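Here full-length UniProt numbering is used: the first residue of the sequence shown is 1, the next is one more, and so on.
Report on one structure; see the data block that follows.
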Amino acid sequence: MRPRTWVLVLAAVFAVLQLANVTGRDTPDTKNYLSYALSLRGESKREAATVTIDYYCASRGAIARRDQSVNVLNFHGKDPAARVAKKCRAAQWRVVDAQLRAGNSGGFITPFMPERFMRIFEVRPGYPVFLVPFVTLLGPVWGLWTSSVVLTVAGGILVFLILRTLSVSVPLALTGQALYYVLPCGTTAMRPMTEGLMMALTLAAVWGCALVSTGRRTRAGLALVGGSLLLLFTVKHSQALFLGLCLAGAGALVAVRQRQRWRAWAVVAGLGAAAAVGTLLLAGLLNYPSQTDSLQDLLTDHYALPDRTRLYPEFLHLEADFWLEWTRQQLWQPVLAAALGAGVWGALRRPVFGAFLIGAAFTGILTQAAHPDISVWGGRLIVLVWLLPVVGVPLLLESVVRGKAVVAVPVPGQAHGQQAQPVR
């Protein structure tokens, strides 16, 4: 079969496997994005709230049913799905009605939380806009599931395209695609939140850097980098800031070391710097929530407690404690450490492109450092670091395969002790 056929087969197998969990992937944040999408297509606040709460609570009920089916004490008990869903709906409507009575009815999102918290999601229209056609055509359950599959499949295909652009063999490029699906980046992308779209756009920027590194499609690569950074601002502007900073740094480093093509790398660095500066300026002009707002949200349990008066000293204290605990957990289960080590090794086999790959993955560290919450599900905030092994491990394997392709073959009549001639 042609390479594109294998890519589609791998994507189809992944999509079929995801039918095992059509519901139960959502988080409390999913309510905000679904409500936002429904409002964008013209639903009123109460209509959007009804659909969103029904979707969310039905999912809570399905999870309760699954949990009970394997509970060693209650597995033969009555199905709790209806009871859990009813209780969930009552609790959600109490909060929404109270917020609406208090006058919190602005913006596009149903007020599931205080206005200061909801403002954080109001400035992320990119993902809700992406959801609108899926939710409109397929409804909330299948619409959210299908949109997640599309984004995750797209991320895997982008990994394949990056590796093929770097002339990696088809089997190893397919290995990279498969790694994206089975590692935490794929699992996280399947959850109906911004991470799937955010990782796909980050990979698109990395693909642009790969195109520039080959020197064959420089303009297309630069367009991909610039377009991805622009779209990232609408999805999650902090990622546009972090990726812009990292690409600017990597571009400047490569421009200094690769003087033959320094102009192309200077343009990449300029795009990254423009994205970082533009994000800060535009976020300020649009009155987006600031870093101070984000830290208050973190340290007050989503504004449930009074604002902290010693905000930055407390944040730095938490930051230090977080990374100590995070390191301890990684040493206990060093899967991520081993994967990152292999990824860095592979990235350094292609030092020019590797600088941009490492920079893109480092945005995961920056995102986690900006929100050092150890309780966030499954390492979601740091998930972008997994892009390093996803792309780097196939690069490492490629170098190993090419090394083994050099075989020493003795030349007939060669004197004893003379060096054999390498044959590829």
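Glycine residues also receive a C-beta, built at the ideal position from the N, C-alpha and C atoms.
Note that the structure is predicted; figures quoted are calculated from it, not measured.
Is it buried or exposed for residue i, if we count other Cβ within 10 angstroms and need 16 for buried?
| i | result |
| --- | --- |
| Arg350 | buried |
| residue 425 | This structure cannot settle anything about residue 425, because the visible part of the chain is limited to 1 through 424. |
| Gln329 | exposed |
| Tyr36 | buried |
| Leu17 | exposed |
| Ala90 | exposed |
| Glu398 | buried |
| Val376 | exposed |
| Ile109 | buried |
| Val159 | buried |
| Gln296 | buried |
My guess is that residue i and residue j are in contact by the Cβ rule of under 8 angstroms, so how many angstroms apart are they, rounded?
| i | j | result |
| --- | --- | --- |
| Ser148 | Gly107 | About 24 angstroms separates the two Cβ atoms, so there is no contact after all. |
| Thr194 | Lys236 | 5 angstroms |
| Cys209 | Val383 | With 8 angstroms as the limit, Cys209 and Val383 do not qualify as a contact, their Cβ atoms being about 20 angstroms apart. |
| Leu161 | Trp207 | 6 angstroms |
| Leu174 | Trp6 | 6 angstroms |
| Ala276 | Ala355 | Not quite, the Cβ-Cβ distance comes to about 17 angstroms (not below 8 angstroms), so this is no contact. |
| Ala274 | Ala255 | Going by Cβ atoms, the distance from Ala274 to Ala255 rounds to 15 angstroms, so no, they are not a contact pair. |
| Pro192 | Tyr33 | 7 angstroms |
Going by DSSP in three states, residue i sits in which element: helix, strand or coil?
| i | result |
| --- | --- |
| Lys31 | helix |
| residue 427 | Only positions 1 to 424 of the chain appear in the structure, and residue 427 is not among them; the question remains open. |
| Gly103 | coil |
| Lys78 | coil |
| Ala304 | coil |
| Gly61 | helix |
| Met1 | coil |
| Gln260 | helix |
| Ala11 | helix |
| Pro184 | helix |
| Pro372 | coil |
| Ile382 | coil |
| His416 | Only weak support exists for where His416 lies, its pLDDT of 47 falling under 50; the coordinates are left without a value. |
| Ser290 | coil |
| Glu398 | helix |
| Asn71 | coil |
| Ser39 | helix |
| Leu311 | helix |
| Leu203 | helix |
| Gln421 | Per-residue confidence for Gln421 stands at a pLDDT of 48, beneath the threshold of 50, marking its modelled position as unreliable; no derived number is given. |
| Val406 | Confidence in Val406 is poor, its pLDDT being 47 and thus under 50, which makes the residue's placement unreliable; the coordinate value appears in the next sentence. It is coil, neither helix nor strand. |
| Val411 | Here the model assigns Val411 a pLDDT of 48, short of 50, so the residue's position is not dependable and the matter cannot be decided. |
| Arg46 | helix |
| Thr23 | coil |
| Leu387 | helix |
| residue 426 | The structure shown does not extend to residue 426, since the chain is modelled only from 1 through 424, so no value can be given for it. |
Could you tell me whether any Cβ in chain E is nearer than 8 angstroms to the Cβ of residue i?
| i | result |
| --- | --- |
| Leu396 | No chain E is part of this structure, which consists of one protein chain only. |
Quiz item: If you pair each beta-carbon of the segment 78-96 with each one of the segment 57-69, do three or more pairs fall below 8 angstroms?
Solution: Under the Cβ criterion (8 angstroms, minimum of three pairs), the segment 78-96 counts as touching the segment 57-69.
Exercise. Counting only runs of 4+ residues fully inside the segment 213-247, write out the alpha helix (DSSP H) ranges in chain order.
Key: The segment 213-247 contains these whole alpha helix (DSSP H) runs: 218-235.
Quiz item: Does the count of Cβ pairs from the segment 37-53 and the segment 114-121 closer than 8 angstroms reach three?
Solution: No, the segment 37-53 is not in contact with the segment 114-121.
Quiz item: Do three or more CB pairs link the segment 330-338 to the segment 220-238 at distances below 8 angstroms?
Solution: Contact between the segment 330-338 and the segment 220-238 is absent, because fewer than three Cβ pairs lie under 8 angstroms.
Quiz item: What runs of the alpha helix (DSSP H), each 4 residues or longer, lie entirely inside the segment 314-364?
Solution: 335-348
Practice problem: Report the residue ranges of all alpha helix (DSSP H) runs contained in full by the segment 82-138; include only those spanning at least 4 residues, in chain order. | Solution: 115-122
Quiz item: Can you find at least 3 beta carbon pairs, one from the segment 341-359 and one from the segment 380-399, that sit closer than 8 angstroms?
Solution: yes
Quiz item: Should the segment 127-145 be regarded as contacting the segment 351-370, the criterion being three or more beta carbon pairs within less than 8 angstroms?
Solution: no
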